[in-house]
Amino acid sequence: MPDLFNSIMLILLSLGCAQGVFFGIQLFLTKSHQYKNRFLALLLLFFSYRLLNQILIYFGIGKYDWWYHLTLELSWCYGALIFLYIKASTREQYQFSKGDRLLFIPVLFQIALSIFVRSQNFYWDGTRESLSWLGYWGYAIWMNYSTVPFIGSILILYHLQRSQKILAEIEPTVRNPTTYPFTKKLLTNTQRFYYLVVAIYLVDFLFIRFFNREDYYYFKRFFYNPFLIGISILTYVLSFEGYKQRKISLINPKPQLKEKDRKVLEEIAKKLDQLMRTQQPFKNPNLSLDELAKMLGTKPYLLSQTLKFIHNTSFYPYITQFRIEAFKALLLDPKHTQFSLLGLAYSAGFNSKSSFNRAIKKHYQVTPSEFRRRLLKEIGQ
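Counting from 275, one number per residue, gives the positions in the sequence shown under the numbering used here.
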């Protein structure tokens, strides 16, 4: 049975390794969306490298031979590459910044420690005294405990959380339905998997080391192989989906305006700005896009495009902003001190208490009463 299990494991890891290499190279050579595809390509190649290390061990290679000193684990880069892949997928003009480079500092730290720890084998003669205090405990904690994969999992969870935040900040109107839902689901499931990984590491370590007071050897633990299968599965999914989506972003690209069309919209924008200042149509609580377009002598779809391409907004947020400014002016006018907040809101064009409260909360993150208090405090009243 152990031989059969090892054979199945070897097949699964080999398939994951081969697939990661194949699709990693294909993605690296893809000319469109280069940053996005290259981050994913590097992630797949590092996954494949980790699986290859384990495959070599199945054949007795890499156990305290010269391969052992070359096959360093680089798992602390996984989380950073996932985050950068998501970040590059949500930017139309992404550039690799200095801040992005800093994400790989933990990897350099991991490499330095791995080299130091593995070099202790040159001095080891079978006794603890043959190593320095730092060398002995560095080796024990680094190689015999689950320190490396545990920290790697924490880093992955940290970067998955940041990736989830990036996804949540994408406006629903620009989310690409072809890629966004799957990516969100993938991040959520990967996050759940690594929460499970961290939990098992902690429970297993505490149970073996402290409750049973036994020596702890990570590479002999029951979950060692199943977690490698997890990396294989992630490699399968990312390879196929990443390659399929290699020319697609998580956001719909903004349509480009022709120069003559932009000039038309800019003229409408000038008329709109003048109309809003002079006639203040926003004070009409029932104002609609069609009615405002009629006042401008243009078609509703042209007004909608003007708001979208020139003002980078849509009808209701545009009108709401004017109503909020009108409310502020009324609030500061001594002639209106006898009016309630809701009365002033109605005078500014809001048509209900709920829409008024929602607008103030969205723009200033406070209630209308708190907003009034802060505003009056600023002007010394």
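Each residue gets a CB set at the ideal place from its N, CA and C atoms; glycine is no exception.
With DSSP run on the structure shown, which of helix, strand or coil describes residue i?
| i | result |
| --- | --- |
| residue 449 | strand |
| residue 525 | strand |
| residue 640 | coil |
| residue 399 | coil |
| residue 587 | coil |
| residue 478 | helix |
| residue 359 | helix |
| residue 345 | coil |
| residue 291 | helix |
| residue 339 | coil |
| residue 304 | coil |
| residue 404 | helix |
| residue 275 | Residue confidence for residue 275 is low, a pLDDT of 48 falling below 50, so the modelled location carries little weight; the figure read from the coordinates is stated next. Coil, per DSSP. |
| residue 283 | helix |
| residue 299 | helix |
| residue 415 | helix |
Quick check on the DSSP output: the alpha helix (DSSP H) that includes residue i runs from which residue to which?
| i | result |
| --- | --- |
| residue 327 | 308-332 |
| residue 427 | 421-443 |
Below 8 Å on the Cβ atoms is my guess for residue i versus residue j; work out the distance and round it to an integer in Å.
| i | j | result |
| --- | --- | --- |
| residue 391 | residue 417 | 6 Å |
| residue 572 | residue 542 | 6 Å |
| residue 233 | residue 646 | Not covered by the structure: residue 233. The range shown for the chain is 275 to 655. |
| residue 597 | residue 622 | 5 Å |
| residue 587 | residue 539 | Wrong, their Cβ atoms sit about 13 Å apart, outside the cutoff. |
| residue 360 | residue 440 | 6 Å |
| residue 561 | residue 593 | 6 Å |
| residue 368 | residue 309 | 5 Å |
| residue 352 | residue 420 | Actually they do not touch by this definition, with Cβ atoms about 16 Å apart. |
| residue 357 | residue 437 | 5 Å |
| residue 515 | residue 422 | Incorrect: roughly 28 Å between the Cβ atoms, too far for contact. |
| residue 409 | residue 394 | 5 Å |
| residue 364 | residue 525 | 6 Å |
| residue 298 | residue 281 | That belief does not hold up - the Cβ atoms of residue 298 and residue 281 are roughly 26 Å apart, past 8 Å. |
| residue 469 | residue 431 | 7 Å |
Mind checking whether the beta-carbon of residue i lies closer than 7 Å to any heavy atom of the ligand SAH?
| i | result |
| --- | --- |
| residue 620 | As for the ligand SAH, it is missing from this structure, which has no ligand bound. |
Practice problem: Entirely within the stretch 363-394 and at least 4 residues each: give me those alpha helix (DSSP H) ranges in chain order. | Solution: 372-375 and 379-392
Self-check item: beta strand (DSSP E) runs contained entirely in the stretch 502-580, provided each spans 3 or more residues
Solution: The stretch 502-580 contains no whole beta strand (DSSP E) run of 3 or more residues.
Exercise. Within the stretch 591-652, note down every full beta strand (DSSP E) run reaching 3 residues or more, in order along the chain.
Key: Within the stretch 591-652, there are no complete beta strand (DSSP E) runs of at least 3 residues.
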